[in-house]
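Student:
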Amino acid sequence: AAHLLGVRFLACELGGLGRFSQASFDVGWHATLRVLAHLEMIDAASDPDATQFIDIREFSHFSTADHHGLVQMHVRIGETVQEGAHLATLFDLHNLGDIFAEFHANRTGVISILRRNPLVSPGDHICLVSEVLSADEIL
6 AAHLLGVRFL
16 ACELGGLGRF
26 SQASFDVGWH
36 ATLRVLAHLE
46 MIDAASDPDA
56 TQFIDIREFS
66 HFSTADHHGL
76 VQMHVRIGET
86 VQEGAHLATL
96 FDLHNLGDIF
106 AEFHANRTGV
116 ISILRRNPLV
126 SPGDHICLVS
136 EVLSADEIL
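Residues 6 to 144 (the working numbering) make up the sequence shown, in order.
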């Protein structure tokens with residue numbers, strides 16, 4: 006409701022696929038504190054250099070499955086990748102020796118979303134490469 010009134014807010018996805026843990030909460034909590042410290046709303050956080058701002062809108066690149074299959078990831082969440090980096094391989098569900106697709110980064114950025122379930126259907130997102138933004142670009 007706050008966004009409808011033009012109020013700025015932070016949103017943090019804690020987990021995914023219905024999962025929530027103390028570890029994911031801690032990540033979200035500390036990231037929120039670092040953002041607030043960066044905005045000088047609170048005293049400096051313990052690790053202010055760890056904050057990275059990413060754009061998950063129009064400057065992002067989703068890799069999306071176009072076949073049913075099993076996906077093998079070659080990157081990790083938070084990893085910085087260069088344009089052309091090998092992100093994932095999609096194998097035929099019935100013959101794992103057959104490769105349907107190889108996914109490569111079409112831009113340099115950070116892996117901000119990463120599929121955990123290896124079973125995919127057409128249209129499923131495999132991963133998201135997001136552009137890193139400077140603090141000046143977000144304020």
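Every residue gets a Cβ at the ideal spot worked out from N, C-alpha and C, and that includes glycine.
Please name the residue or residues paired with Glu107 in a DSSP beta bridge.
Tutor: Along the sequence shown, one-based indexing puts residue 107 at 102. According to DSSP, Glu107 bridges with Thr94.
Student: DSSP on Ser29, reduced to helix/strand/coil?
Tutor: Position 24 of the sequence shown, counting from 1, holds the residue named residue 29. In this structure, Ser29 counts as helix in the three-state DSSP scheme.
Student: Can you find at least 3 beta carbon pairs, one from the stretch 72-92 and one from the stretch 25-37, that sit closer than 8 Å?
Tutor: No: the two stretches stay apart, fewer than three of their Cβ pairs being nearer than 8 Å.
Student: With 16 as the cutoff for other CB atoms within 10 Å, does Ala28 come out buried or exposed?
Tutor: Taking the sequence shown and counting its residues from 1, the one referred to as residue 28 is at position 23. Burial call: exposed.
Student: Check each candidate in Ser139, Glu142, Phe14, Leu119 and name the one with the smallest Cα separation from Ser68.
Tutor: Counted from its first residue, the sequence shown places residue 68 at position 63. The option with the nearest alpha carbon to Ser68 is Leu119.
Student: Let me check understanding here. Comparing Cα to Cα, which of Gly11, Val40, Leu10 lies closest to Cys17?
Tutor: Translated into the one-based positions of the sequence shown, residue 17 becomes position 12. It is Val40 whose Cα lies nearest to the Cα of Cys17.
Student: If you draw a straight line from the alpha carbon of Leu133 to that of Glu45, how long is it in whole angstroms?
Tutor: As a position in the sequence shown, residue 133 is number 128, starting the count at 1. As a position in the sequence shown, residue 45 is number 40, starting the count at 1. One C-alpha to the other measures close to 30 Å.
Student: If you follow the beta strand (DSSP E) that Gln77 is in, where does it begin and where does it stop?
Tutor: Mapped onto the sequence shown, residue 77 falls at position 72. Run containing Gln77: 74-78, per the beta strand (DSSP E) assignment.
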